[in-house]
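Have a look at the structure below before the remarks.
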Amino acid sequence: MSAVIAVIGAGPAGLMAAERMAAAGYRVEVFDAMPSVARKFLLAGIGGMNITHSEDYPLFVQRYREASSHLQPMLDAFPPAALREWIHQLGIDTFVGSSGRVFPTDMKAAPLLRRWLQRLRQQGVVFHPRQRWIGWQQDEQGLCWQFQGPDGEHEQRFSAVVLALGGASWPKLGSDGRWVDVLQQAGVAVTPLQASNCGFDLPWSDYLRERFAGTPVKHIRLSVTTADGRTESKTGEFVITGYGIEGSLVYALSAPLRQRWQQQPEQARLILDWLPHSSAEQISAKLQQPRKGMSFANVLRKKLHLPPLAGALLKECCPHLDPNDSQAVAAALKAMPLPAVTGTRPIAEAISCAGGVQFTALTADLMLKDLPGVFAAGEMLDWEAPTGGYLLTACFATGRYAGDALLRYVQQQDVTPDAEPAQGQGLE
């Protein structure tokens, strides 16, 4: 029996699964709801394609938090070093930035994707754009997959399928989470999709919102205390917005902050350290120096080199603070409690999402336990990660893992490759 294998979803995870299966000689057809492939991948690369990270591998794995143990077999099989080598084999060089992040030399996603698509076409992969998967019918022959395209609905059968449908962030690029209802109706356990690497709503005063919205806060440290009493801290920068806060430092702490907000909303707050490289004693000493008639705002600016926002936030977040009490001011600057967050920004605005198909619903090979021959990969699985290359690395790794597992499955089913693979279509 010869095989036709389908990949539904043409992002990095789906394309990696397709490559593994096509390289083994199987006919692979890739379906995607959008007019072209990997749209989110391309947009993410506009500001500089951060493909992975160079930090020590044990620490790298821990970035996936609660999902680390589930993802480690996939990451072990395709770690960051292997991902870089795979990119190099496409003729794209990479370099490690000062932060440890890894980028293609030209910082762009498009050249990498073009080379990759060229190789996939040469392997015979067939692309079906504008084909939205809408569900399936199950009969004595198995699953009959249903798609909605420009010419209406149609059905197809496959020997096996990899689902790589993404999450629900950036829905205009194709990842809209519609697959959740289909899988849940089939009895697949799915953790609700939630915003990750996102901004948060805070109840700023009208003054702060009107005066400082859009102001960056740089060279500071933010901390959040989890419900079990652990403190997570990061240094960097974020931005005050009309609705609250956003930016790289907020994204890095979005998982523990979101979890605290869900468990104890009134305790879900970030602690701001304005001067992470100075002690409270050092700050207090500078504040005790002669002021020579300077206002409190000028003392903060000239003695501590703090921006006007610092004084405004002291009034907003520490309304009973005595500006003449140098020790109290120093303590407030080292541990300023921002207002408790009132929610995450909508998932459509988020960089990525948390939630997805639970690992308990999957075999160790990423096959759905109740649907033999159907595998899942990428962001639709129940994991999340900070920005910094971790998101893409796990998408590539789980896609590769699912592709290899599907190959073992069809070989066990005595399904053979097509003798004459179809000619692939190029989608740029």
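Per UniProt numbering, the sequence shown starts with residue 1, numbered consecutively. No residue lacks a Cβ here, since even glycine has one placed at the ideal position from N, Cα and C.
P216 by DSSP, collapsed to three states: which one?
If you number the sequence shown from 1, residue 216 lands on position 216. In this structure, P216 counts as strand in the three-state DSSP scheme.
What does the Cβ neighbour count give for F95, buried or exposed, with the cut at 16 atoms within 10 Å?
Translated into positions along the sequence shown, residue 95 becomes position 95. By the Cβ-count criterion, F95 is exposed, with fewer than 16 other Cβ atoms from all chains shown falling within 10 Å of its own Cβ.
Going by CA-CA distance only, name the one from H305, G311 and L304 that's closest to D297.
Taking the first residue of the sequence shown as 1, we reach residue 297 at position 297. Here the sequence assigns Ala to residue 297, which means Asp is not the residue at that position. Per the Cα distances, G311.
What's the call for G403, buried or exposed, on a 16-neighbour Cβ count within 10 Å?
If you number the sequence shown from 1, residue 403 lands on position 403. G403 is buried by the Cβ-count criterion.
Between Q131 and A17, how many whole angstroms is the CB-CB distance? I'm expecting something under 8 Å.
Taking the first residue of the sequence shown as 1, we reach residue 131 at position 131. Taking the first residue of the sequence shown as 1, we reach residue 17 at position 17. That belief does not hold up - the Cβ atoms of Q131 and A17 are roughly 17 Å apart, past 8 Å.
According to DSSP, is W133 helix, strand or coil?
Counting from one through the sequence shown, the residue named residue 133 turns up at place 133. In the structure shown, W133 adopts extended strand secondary structure according to DSSP, grouped into three states.
S205 and I271: beta carbons closer than 8 Å?
Counted from its first residue, the sequence shown places residue 205 at position 205. Counted from its first residue, the sequence shown places residue 271 at position 271. Taking a C-beta distance under 8 Å as the contact criterion, S205 and I271 do not qualify as a contact pair.
Which one or two residues does DSSP pair with W145 in a beta bridge?
Counting from 1 along the sequence shown, the entry for residue 145 is found at position 145. DSSP lists W136 and Q156 as partners of W145.
List the DSSP bridge partners of P192.
Start at 1 with the first residue of the sequence shown, and residue 192 comes out as number 192. For P192, DSSP records no beta bridge to any residue.
Quick one: what's got a C-beta closer than 6 Å to V250's C-beta in the same chain, skipping five residues either side?
Within the sequence shown, the letter at position 250 stands for residue 250. If you ignore the 5 residues before and after V250, its C-beta comes within less than 6 Å of the C-beta of F238, all in its own chain and listed in chain order.
Limits of the alpha helix (DSSP H) - the one that V329 falls within
Locating residue 329 in the sequence shown gives position 329, counting from the first residue. In the DSSP annotation of this structure, the continuous segment of the alpha helix (DSSP H) that includes V329 starts and ends at S326 to K334.
Check whether the Cβ atoms of D382 and G399 sit closer than 8 Å, and answer yes or no.
Locating residue 382 in the sequence shown gives position 382, counting from the first residue. Locating residue 399 in the sequence shown gives position 399, counting from the first residue. Against a cut-off of 8 Å, the Cβ pair of G399 and D382 comes out as no contact.
For S233, does the three-state DSSP call read helix, strand or coil?
Within the sequence shown, the letter at position 233 stands for residue 233. Residue state for S233 is assigned as strand, using DSSP reduced to three classes.
Can you look up G45 in the DSSP assignment and give me helix, strand or coil?
As a first step, residue 45 is located in the sequence shown; it is residue number 45 there, counting from the start. Per DSSP, reduced to three states, the secondary structure at G45 is coil, with no helix or strand assignment.
Going by other Cβ atoms of all chains shown within 10 Å of its Cβ, with 16 needed for buried, is H320 buried or exposed?
The residue labelled residue 320 in the question sits at position 320 within the sequence shown. Exposed, because fewer than 16 other Cβ atoms sit within 10 Å of the Cβ of H320.
Minimum Cβ-Cβ distance from L304 to chain D less than 8 Å
No chain D is present in this structure, which holds just one protein chain.
Where Q62 and A24 are concerned, what is the direct C-alpha to C-alpha distance, given to the nearest angstrom?
Numbered from 1 along the sequence shown, position 62 holds the residue referred to as residue 62. Numbered from 1 along the sequence shown, position 24 holds the residue referred to as residue 24. Straight-line Cα distance between these residues: approximately 32 Å.
Nearest-angstrom Cβ-Cβ length linking F127 and V30, presumed shorter than 8 Å
Here residue 127 refers to the residue found at position 127 of the sequence shown. Here residue 30 refers to the residue found at position 30 of the sequence shown. Their Cβ separation, rounded to whole angstroms, is 5 Å, which keeps F127 and V30 in contact under 8 Å.
Could you compute how far the alpha carbon of A280 sits from the alpha carbon of A330?
Here residue 280 is taken as the residue at index 280 of the sequence shown, counted from 1. Here residue 330 is taken as the residue at index 330 of the sequence shown, counted from 1. Taking the straight line from one Cα to the other gives about 5 Å.
If contacts are defined as beta-carbon pairs under 8 Å, then V341 and G247 qualify, I think. What distance do you get, rounded to the angstrom?
The sequence position of residue 341 within the sequence shown is 341, counting from 1. The sequence position of residue 247 within the sequence shown is 247, counting from 1. No, V341 and G247 are not in contact; Cβ-Cβ is about 14 Å, not under 8 Å.
Within its chain, find whatever has a CB closer than 6 Å to the CB of L165; leave out the 5 residues flanking it on each side and keep chain order.
Counted from its first residue, the sequence shown places residue 165 at position 165. Cβ within range, chain order: G9, W179 and M380.
Can you say whether K369 is buried or exposed, counting buried as having 16 or more other CB atoms within 10 angstroms of its CB?
As a first step, residue 369 must be located in the sequence shown, where it is residue number 369. Looking at its Cβ environment, which holds fewer than 16 other Cβ atoms inside 10 Å, K369 is exposed.
Buried or exposed for L427, going by 16 or more other Cβ atoms inside 10 Å?
Indexing the sequence shown from 1 puts residue 427 at position 427. Summary for L427: the model assigns pLDDT 39, below 50, so the residue's position carries little reliability, and this model does not support an answer.
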